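Protein chains in written order, with the numbering used here: chain A, 1 to 695; chain B, 1001 to 1419.
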């Protein structure tokens, strides 16, 4: 079980089974990197998303197309106040506004922590002979498969040691549910109720359908396991449940967790028999020797097994490289040491997603059998008493999935990556003042989340001072519309609890905010944001802002300065957006497609069925002039050929091209981008396709 | 994707890096503690393109294409393609493990549980030697196979109608030799003469003028040596190769001192008497040798060196270059290399800064906890630019000529001799 070299790829786990397409995906995560969410839909597309180095494609056009097509089918629930600030030049995040739902746990201080995806794939009814294509179950012409992904990693680009559990299953035609699936259905059903704001009806219907259907899915256990069980935690009014049923006699128990709470360890010791603990060196170093004393073997993942070691510039190249990241050629160690500043920003050590161990795993030997739990729950009281978490239980033969099978040999098993923890090492004294400061920052974060902010979009007036200029890399052409984004509070003092006990703002606090589409340099300090007595509704106004930069994602930075200690946190909130122009997504598309050659390439890309691979495409899109010229020379005949081929072999690709053309035609600028003479070849082909569809 | 329980990576590239980390786990010396791995790999790619540290034997350059070509000939559908490939590789493992000379069998320990497979290890190398013609990752290849069959069908339809339909679509080099009858039954690492000939031609044509091409374009084997510049016939290598080897050697010798000093500093910080003594001794040996070679380093044209390195990899991080340059300057600025190791020397500070820059909070020189976890010997071997594996692969190929060695081997059928 879990040999270190048995590895899967994140996007590969999302990819539809052959012959199926994604219908809907419901995802959950604690922290969220919007760029990671943006690349996820690439997995649902037909185009290849890897470059020749095996990295997800850097091509923004591929991202645009995937996002355009799948944004309305991906519904992501994440902890409010835990979205990372994306780079300001990634205008594409706009496409995610309707996909992200911020939620929070039911209990006070509870975090929403699960990292699961439930995916519904559909195979359209086969063309002939299946009149009853309306049936939604396996009995109908169309067939439906489900997949549950249970990760230990959030939707971020973290490079830690995390696991992925993939459970694939077919929707059966039976009327009765599999009773073991009820907790999973209940978990999915509970999600909209945890959201900060009302979830739109359309999404509720999808959730309703999936929570109901998933109860009738026959999930297949991974190789080596025989049974599956689901353990959602924290979705009811009462804490728990406790997934490790108290056995009548002691059972050897192994815990893998990056974070460990000694109080929970006691719970594992009796009547379970906690014999093995695997964690991070920092975590173990901070624990009392007393807490670890009863445990037979305590290991840390060796720092040598770090996947970060040679990370240098990998991330920067995942997407279009941020020019600033590479603009530091001096490379004096100290100077560039502060380059990313990420460590400085991370304050919550519970989820500081650096390299190292991040998997969470519980293994119990039970006679000839073994039980394994994997999922989001760390070995902490917060996880098992308050948070919303999700664990999957797997059962099988001890020889395949017991403690020994996990640890493996000294040579090639997980054991080979572990170092024994030295019980005599002095525990690292926690810096209590720093911890207190971090806790204060967390309280401030929660208060900002709770404010119920919204954004009102208006036309920018001429007189607005241009101190917060748009920075979206579009020149302000004369006559281009400019906008104002006003961040507004719900009317103050609405909350009766707040009355009388006006909560103070700690000395030394600075709060800034800015739309994620502009540079942080143009952020505004909002001293009154948390003040209970603030009278005005608008707490910050940004103008003039270009149409492309209008966004519902607002970044916040809270800095707290004390005599010896300081800290800051940055996060994004997805705020309700009022008064935004309706055509802004189409306009955004145009701003990304700068000339008709690019439109042509995107069209070829959509129609491509192997003759133009992403690799070639990326070369062309970023590339040298030679291939550019070749493209121009052949463009008309190539496009016609590609359309004809698509008509014959892959007519759905034409529907996609039609969507793109229709979007561009909505505006004058868009029409100007369409390649010359496109209509003459496109119209007859599109007519054929429509006739075919009607037939 | 069927149900599974596994470790998670974000990209194929990340997965490869993770596998590298795992595979290096018992070979501590090769760890890149001072962050000069990108320069090391650039020079390795320059000298011996297509080899990697996790390869083992030469004949995998044939096993992998044989397996896949057979699947293509059987028109195994995309749905079953990846799984069939894996099953065939597992069968191969069994046969290799039973062969006379099983050393280097990938996945031998794990049998059918193996997840690290030879095709993945050799994929990039096969591409580099132009045996694999498909441009893309292995997974892309698996996914593209149905489209490939479609294109082949389209091509044969076209060639019925017209004379000039062009060459048929291919994923593998057309002149790949046929496997022995019954393959993988009885498979071993011993190359047949036509196979040696084929690989030699591939290398010479895909990587002309490189050290690797020179190594296989020979009739005699040699006794293993530790570094490529110790090859017995180095004098007969082309001027360009000799110059490249010299660049690699100077870099390797210079940076060895930094690695030894780093280990000495760690041992002193602990402190660990036995290790202190050991690294002091090794460092002093290096000092003596380095002082003897001072003139060579003074004459070393570093601008040319970096031009060479950046010519292979433009993305070497600037701080890496700065570190190498600073270390070289420290050496040149002192009367004797001994000064580099003196207490509070700028060279020691340089190393401390470098470690801090690379490891941040996990820097051993600044974090006692991480120092405690240090098990000694952190990257102390002198860089050999994966010479060990290159030598093995070149010797495999040369030995395959068998009795015919010494004579000019017959050209492979149908292909013109590479120039």
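Every residue, glycine too, gets a C-beta built ideally from N, C-alpha and C.
All figures in this text were calculated on a predicted structure; none of them were measured in a lab.
Assigned exposure category for residue i - 16 Cβ within 10 Å defines buried
i, result
"residue 599 of chain A", "buried"
"residue 1209 of chain B", "exposed"
"residue 115 of chain A", "buried"
"residue 226 of chain A", "exposed"
"residue 285 of chain A", "buried"
"residue 1333 of chain B", "exposed"
"residue 1144 of chain B", "buried"
"residue 282 of chain A", "buried"
"residue 16 of chain A", "buried"
"residue 13 of chain A", "buried"
"residue 109 of chain A", "exposed"
"residue 185 of chain A", "buried"
"residue 231 of chain A", "buried"
"residue 280 of chain A", "buried"
"residue 1080 of chain B", "exposed"
"residue 1243 of chain B", "exposed"
Residue i (DSSP reduced to helix, strand or coil)
i, result
"residue 1140 of chain B", "helix"
"residue 1 of chain A", "coil"
"residue 398 of chain A", "helix"
"residue 381 of chain A", "helix"
"residue 1267 of chain B", "helix"
"residue 362 of chain A", "strand"
"residue 145 of chain A", "strand"
"residue 1326 of chain B", "helix"
"residue 1248 of chain B", "helix"
"residue 252 of chain A", "strand"
"residue 1081 of chain B", "helix"
"residue 115 of chain A", "coil"
"residue 12 of chain A", "helix"
"residue 1237 of chain B", "coil"
"residue 225 of chain A", "coil"
"residue 1197 of chain B", "helix"
Residues that residue i contacts on chain B, provided the C-beta gap is smaller than 8 Å
i, result
"residue 221 of chain A", "1003"
"residue 12 of chain A", "1001, 1139"
"residue 18 of chain A", "1078, 1079"
"residue 8 of chain A", "1001, 1004, 1006, 1007, 1008, 1009"
"residue 15 of chain A", "1001"
Own chain, CB closer than 7 Å to residue i, minus 5 neighbours either side, in chain order
i, result
"residue 1391 of chain B", "1224"
"residue 1268 of chain B", "1276"
"residue 123 of chain A", "19, 20, 142, 143"
"residue 681 of chain A", "639, 640, 643"
"residue 98 of chain A", "71, 72"
Same chain, Cβ closer than 6 Å to residue i, neighbours up to 5 away in sequence not counted
i, result
"residue 1215 of chain B", "1394"
"residue 233 of chain A", "389"
"residue 148 of chain A", "118, 167"
"residue 84 of chain A", "33"
"residue 217 of chain A", "146, 169, 171"
Beta-carbon neighbours of residue i, restricted to chain B and to distances below 9 Å
i, result
"residue 1 of chain A", "1005"
Partner residues on chain B for residue i, Cβ-Cβ distance less than 7 Å
i, result
"residue 731 of chain A", "Coverage of chain A is limited to positions 1 through 695, which leaves residue 731 of chain A absent and any answer about it impossible."
Contacts that residue i makes with chain A (C-beta to C-beta distance below 7 Å)
i, result
"residue 1015 of chain B", "7, 9"
Other residues of its chain near residue i: CB distance less than 8 Å, five sequence neighbours each side excluded
i, result
"residue 1034 of chain B", "1255, 1258, 1259, 1262, 1323, 1351, 1354, 1355, 1358, 1379"
(message) Please identify, using Cβ separations under 7 Å, the residues of the stretch 280–291 of chain A that lie next to chain B, in order along the chain.
(response) Under the 7 Å Cβ criterion, the stretch 280–291 of chain A contributes 281, 285.
(request) Taking a Cβ distance cut-off of 8 Å, strictly less, list which residues of the stretch 149–168 of chain A are near chain B, in chain order. (result) Listed by position along the chain: 151, 152, 153, 157, 159, 161, 162, 163, 164, 165, 166, 167, 168.
(message) Please identify, using Cβ separations under 8 Å, the residues of the stretch 1034–1065 of chain B that lie next to chain C, in order along the chain.
(response) Absent from the structure: chain C. Protein chains present are A and B.
(message) Taking beta-carbon pairs under 9 Å, can you tell me which members of the stretch 1357–1371 of chain B lie near chain A?
(response) Here the close residues are 1357, 1358, 1359, 1360, 1361, 1362, 1364, 1368, 1369, 1370.
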